[in-house]
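Asks: Terminal number for the sequence shown in this note's numbering: 95, no gaps in between.
All residues carry an ideal CB built from backbone N, CA and C; glycine is no exception.
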Amino acid sequence: MASRDITTQSAESERALLYTVWAGVLAVLFMPLIVTSSTLFPFIVGKALFARSLIEVTAAVWLMLIFAYPRYRPARSWVLAAFGVWVVISLL
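1. For P77, does the three-state DSSP call read helix, strand or coil?
2. Closer than 6 Å by C-beta to V101: which residues in its own chain qualify, once you throw out the five before and the five after it? Chain order, please.
3. Quick test of the definition: if touching needs 3 or more C-beta pairs under 8 Å, does the region 10 to 24 touch the region 56 to 71?
4. Which term fits V31, buried or exposed, when burial requires 16 or more other beta carbons within 10 angstroms of its beta carbon?
5. Alpha carbon to alpha carbon, how far is F46 from L36? Give it in angstroms, no decimals.
6. From the DSSP output, in three-state form, read off L43 for me.
7. Quick one: what does DSSP say V91 is sitting in, helix, strand or coil?
8. Roughly how many angstroms separate the alpha carbons of V91 and L29, rounded to a whole number?
9. For the candidate residues A85, F33, W81, T61, whose alpha-carbon lies nearest to that of Y22?
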């Protein structure tokens with residue numbers, strides 16, 4: 004009985020993480036509707052803040068998803084390796 008509850012909770016958490024990532028990706032479609040009238044550049048600042056916040060939250064949830072459930076990890080490829088090297092070099 005206890006293992007069944009753990010399996011159910013695991014499936015529910017996987018589904019919640021996956022839906023959150025999809026919601027973050029789909030929220031990008033609403034970015035053109037954002038206008039902040041209280042800033043000097045109302046059509047730029049709000050979109051930039053929204054985009055950065057959305058990317059950070061979605062990336063954090065995606066990282067939780069790929070660490071908890073390995074099947075969501077990207078397949079190994081030379082492109083992924085080159086991107087990883089570029090990220091490491093740019094952080095230095």
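Replies: According to the structure data:
1. The residue given as residue 77 occupies position 74 in the sequence shown. P77: coil per DSSP, three-state reduction.
2. Residue numbering for the chain in the displayed model covers 4 to 95; residue 101 lies beyond these limits and cannot be assessed.
3. yes
4. As a working mapping, residue 31 is identified with position 28 in the sequence shown. Per the 10 Å Cβ criterion, exposed.
5. Sequence index remark: in the sequence shown, residue 36 carries index 33 (1-based). Sequence index remark: in the sequence shown, residue 46 carries index 43 (1-based). Cα-Cα distance, rounded: 9 Å.
6. On the sequence shown, residue 43 is found 40 positions in, with the first residue counted as 1. Coil.
7. Walking along the sequence shown from the start, residue 91 turns up at place 88. If DSSP states are grouped into helix, strand and coil, V91 belongs with the helices.
8. By 1-based counting over the sequence shown, the position of residue 91 is 88. By 1-based counting over the sequence shown, the position of residue 29 is 26. Each residue's alpha carbon lies about 29 Å from the other.
9. One-based indexing of the sequence shown puts residue 22 at position 19. The shortest Cα separation from Y22 among A85, F33, W81, T61 belongs to T61.
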